[in-house]
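Here's the structure, in C-alpha cells; my notes come after.
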Amino acid sequence: MSKVRVRFAPSPTGGLHIGGVRTVLYNYLFARHHGGTFVLRIEDTDQTRFVPGAEDYIFKCLRWCGLEPDESVQKPGAFGPYRQSERKAMYRQFAEQLIASGHAYYAFDTPEELTQMREQFKTAENPSPQYGAQTRMKMRNSLTMDAAAVAEALKGPHVVRILMPEGERVQFTDMIRGEVSFDTGLVDDKVLLKADGMPTYHLAVVVDDHQMEITHVFRGEEWLPSAPVHLLLWRYLGWADKMPQWAHLPLILGPDGSKLSKRHGSKYGFPIFAMNWTDPRSGDFTEGFAERGFLPQAMLNLLAMLGWNDGTGQELFSLDELVTHFDISRVNHSGAVFDFEKAKWFNHQHIQRMNAAQLAPLVKPYLPEADEQLLLPVIELVKERCTLLPDFGSQAGFFFTAPQELDIAGIQAKWKEPYRNFFETLATSWEGISTWSDTADIEAGFVGLAQDAGLKKGELMLPLRIMLVGGKFGPGVFDILKLIGPMEAARRVRMALTKL
RNA sequence: GCGGCGUUGGUAAAUCGGUUAAUACGCCACCCUUUCACGGUGGAAUGACGGGUUCGACUCCCGUACGCCGUACCA
C-alpha cells in the first residue's frame, strides 16, 4: 500500500501558488489511482517564512479544489507529533547520531565568517564557493579543531553539517526522469541542524518521511539538486531499505520561460494563487483563480494537463476521470509554460458541462438582482457565451434590471423616422399581452407589425436589441423577449424612445 | 564558474525507428448568426545545431549551442 506525501511551505508571502496546487494534485492523483494514502504536511521550520493564517488558507484552497488529504499536519494520526518545534530534541538526536558515525560535523562559523569565506574564495570562474570539500578544512568546525576547542565551542551557537564524501557517485531512479546521478564531492555540506536547534528541510524531510512511513514523494524539479543529500541521509541513518521513491515534477513556467512567480501574474494580468490572498505583514494582495471566476474542476483540469497527458488527445477530465487515467510514467520531463488563454478555454468547457441548477449558486453573486423564477432559464440561455463566472454578470444582468446605459449611437446609425411609429405601436401591442408562451409567436407578431408599417424585419432587429439589452450583444432577441415578458419589454422600448 | 535537468509550430503536446509529424489553445479566412458569442469548414505555423548508429532517426548514442533549476543557518 503506497503512502504518498506532499510537503511544502507556504510561499514566502503566504499564498498558495498554482505550482503548489499541481504538486498536491499529482500526489492526490497518484495516491487515489493506486488506492494509497495521501498525506499533506505543511512546513513550519522557518519562523520567518511562516505567515500568520497561511496554513488555514492553504487548507481552505484545497477544500475548494476538492483535494483533501487523508492525513495532514492538522489531523495528526498515529505518527505524531507533527509540529517540528515539538520535535526539536529528536532531530538533534539524529544529528548527533550522524556525527558519531562520521557523516556529519559541528560547525561554528558565524554568518560574518561565512560571507567572508565566500568573498575570499570567490573568483571570476566561481562566483559562489561552497562550504564543502574545497573549503571545509579552512573553516572553524569539528573537523579542523581539537577536541578541547570543540567542547568549548559547543557551549556557544553551532550548527551541524553533513560531511559529503568525495569521489562517490550517488544514483537513484526518479519515477519521472529515470536514472539520475550526482558526484557527491561536488555537492556542498548542507546545514542539517540550525543554530536555533531547528532542523533544516534536509534533515526534517528524511526523518519525518521515515517516521511517517512515506513510500512516495512528489516534489518540484527545483529539489533535484539537493536529492543526493537526502539520499545519503537515508543511507547514513540506516534506513536505506525504507527510502521512498522519488518523482521530481517539471516546473510550471511563466511566459518568459522562468519559474512561474507572482511577478508574472501582475505583469501579465492573470491569477497565480488558487484563491485571493493578502499578506498579513505587507498587505500585498494577490488575486486567486477562484475569485477570478474559475471553476475548481477547470483549474485542476488545466493544471493536470500542464505536464501530463494520457496519450489519447483527450483534454477534458473531471477529477475522478483524472484519478482513473493518471499515469506517473506519462508525466513530461520538461517545464511547461502557463498559457492563460488556454486556461480560460478549460473554464469555458467546464461551464458548458454544467447545468443551470449546478451553476446557479456559483453565478448568483454576480447577479444580485436575479429573480429566482428566471435564473435557471437565463443561465441556460447565456452560459455558452461565458468563459469566466463574472461573465454571467455582464451577459445576463439585463434580464433582471433594465440596462443603465443604451448604445444610442448604435441605434441612430441607421435610424429612420418611421421606426419611431413602429416601435410605439409595438410597445402598445405588447402592453395588451400578459404573457408570452412561445418565441415563434413573438416573432410572428413582430413581423406582422413590421409588414403593416412597410418595414423590413431585419432593419428593426438591431435597434430593438439595443433597446432591450443596451448594446450589440446577447442571445437571440426573441429568446430575450420571452424571458423578460411583454410588460417589461414594452417599458424598455418606450424608455429608449424618450432618449432618441 | 560548477552541478543537475531540459530542448517537436507562438503555447500545451502525440509519436515509444518506417506517418503527408496528430490534436488542442491562440491567430487568419470563410460559413452560420441581420447583435456578440458558441459552433462549423479551411489555412498559415514545428522536430535547436553538428556528428554518428541504422536499409531507414523527431525517436537511439556523442558533442555543441541555448534555456531553466540549484549552488542560504529558505523551503
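Under our numbering, the first residue of the first sequence is numbered 36, with each subsequent residue one higher.
All residues carry an ideal CB built from backbone N, CA and C; glycine is no exception.
No experiment lies behind these values; they were computed from the predicted model shown.
When the distance is taken between beta carbons, is residue j closer than 9 Å to residue i?
{"i": "H251", "j": "F65", "result": "yes"}
{"i": "L497", "j": "G432", "result": "no"}
{"i": "P200", "j": "A130", "result": "no"}
{"i": "G213", "j": "L286", "result": "no"}
{"i": "D144", "j": "R175", "result": "yes"}
{"i": "G505", "j": "P438", "result": "yes"}
{"i": "L354", "j": "G101", "result": "yes"}
{"i": "L503", "j": "V528", "result": "yes"}
{"i": "T347", "j": "H68", "result": "no"}
{"i": "G300", "j": "T321", "result": "yes"}
{"i": "F329", "j": "P315", "result": "no"}
{"i": "L518", "j": "A462", "result": "no"}
{"i": "I211", "j": "H283", "result": "yes"}
{"i": "R500", "j": "G493", "result": "no"}
{"i": "V39", "j": "F253", "result": "yes"}
{"i": "L423", "j": "R327", "result": "yes"}
Relative to the C-alpha of residue i, which residue among the options is closest?
{"i": "V242", "options": "H265, P290, T179", "result": "H265"}
{"i": "L227", "options": "V215, K491, V240", "result": "V240"}
{"i": "A475", "options": "R316, E326, D514", "result": "D514"}
{"i": "S317", "options": "V39, S37, G49", "result": "G49"}
{"i": "S364", "options": "A139, W281, Y166, F308", "result": "W281"}
{"i": "P192", "options": "L495, L221, T208, D231", "result": "D231"}
{"i": "A168", "options": "E106, T208, L221", "result": "L221"}
{"i": "R51", "options": "L295, E257, L178, A139", "result": "Strictly speaking, residue 51 in this sequence is Leu, with Arg absent from that position. Comparing Cα-Cα distances from L51 to each of L295, E257, L178, A139, the minimum goes to L295."}
{"i": "I77", "options": "G88, R67, H69", "result": "G88"}
{"i": "S136", "options": "N62, Y63, L267", "result": "L267"}
{"i": "H368", "options": "S177, H360, V215", "result": "V215"}
{"i": "L341", "options": "H245, L357, A183", "result": "L357"}
{"i": "W99", "options": "K229, F324, G304", "result": "F324"}
{"i": "H245", "options": "M278, P263, A262", "result": "M278"}
{"i": "M172", "options": "L189, Y141, A275, P146", "result": "Y141"}
What is the DSSP secondary structure of residue i, counted as helix, strand or coil?
{"i": "T347", "result": "coil"}
{"i": "R212", "result": "coil"}
{"i": "K534", "result": "coil"}
{"i": "Q165", "result": "coil"}
{"i": "A241", "result": "Inspection of the sequence shows that residue 241 is occupied by Val rather than by Ala. Helix."}
{"i": "D218", "result": "strand"}
{"i": "H52", "result": "strand"}
{"i": "W312", "result": "strand"}
{"i": "F434", "result": "helix"}
{"i": "L423", "result": "coil"}
{"i": "A275", "result": "helix"}
{"i": "V528", "result": "helix"}
{"i": "E154", "result": "helix"}
{"i": "F143", "result": "coil"}
{"i": "H251", "result": "strand"}
{"i": "P45", "result": "coil"}
{"i": "E78", "result": "coil"}
{"i": "E459", "result": "helix"}
{"i": "K38", "result": "strand"}
{"i": "G428", "result": "helix"}
{"i": "F508", "result": "coil"}
{"i": "T474", "result": "helix"}
{"i": "P234", "result": "strand"}
{"i": "V226", "result": "strand"}
{"i": "G493", "result": "helix"}
{"i": "G323", "result": "strand"}
{"i": "F65", "result": "helix"}
{"i": "G318", "result": "coil"}
{"i": "T170", "result": "coil"}
If you measure from the CB of residue i, is any heavy atom of the ligand MG nearer than 8 Å?
{"i": "P400", "result": "Because no ligand of any kind appears in the structure shown, any question about the ligand MG cannot be addressed here."}
query = Using 8 Å as the Cβ pair cut-off and three pairs as the minimum, do the stretch 326-340 and the stretch 377-384 touch?
reply = yes
How do the stretch 392-401 and the stretch 483-495 stand: do at least 3 beta-carbon pairs fall below 8 Å, yes or no? no
Length-filtered (3 minimum) beta strand (DSSP E) runs lying within the stretch 175-208
194-197
message = With a threshold of 8 Å, are at least 3 pairs of Cβ atoms found where one atom belongs to the stretch 267-280 and the other to the stretch 51-60?
response = no
- Message: In chain order, what are the residue ranges of uninterrupted alpha helix (DSSP H) at least 4 long that sit wholly in the stretch 353-415?
- Response: 354-360, 375-387, 391-398
Any chance the stretch 120-127 sits against the stretch 162-181, with 3 or more Cβ pairs inside 8 Å? no
Practice prompt. Can you check the stretch 278-302 for any beta strand (DSSP E) of at least 3 residues that lies completely inside it and give the ranges in chain order?
Written response: 280-284
At a cut of 8 Å, does the stretch 388-398 reach the stretch 354-374 through at least three beta carbon pairs?
no
**Message:** Does the structure place the stretch 410-429 close enough to the stretch 442-462 that three or more beta carbon pairs sit under 8 Å?
**Reply:** no
Counting Cβ pairs, one atom from each stretch, are 3 or more of them under 8 Å apart for the stretch 88-99 and the stretch 191-199?
no
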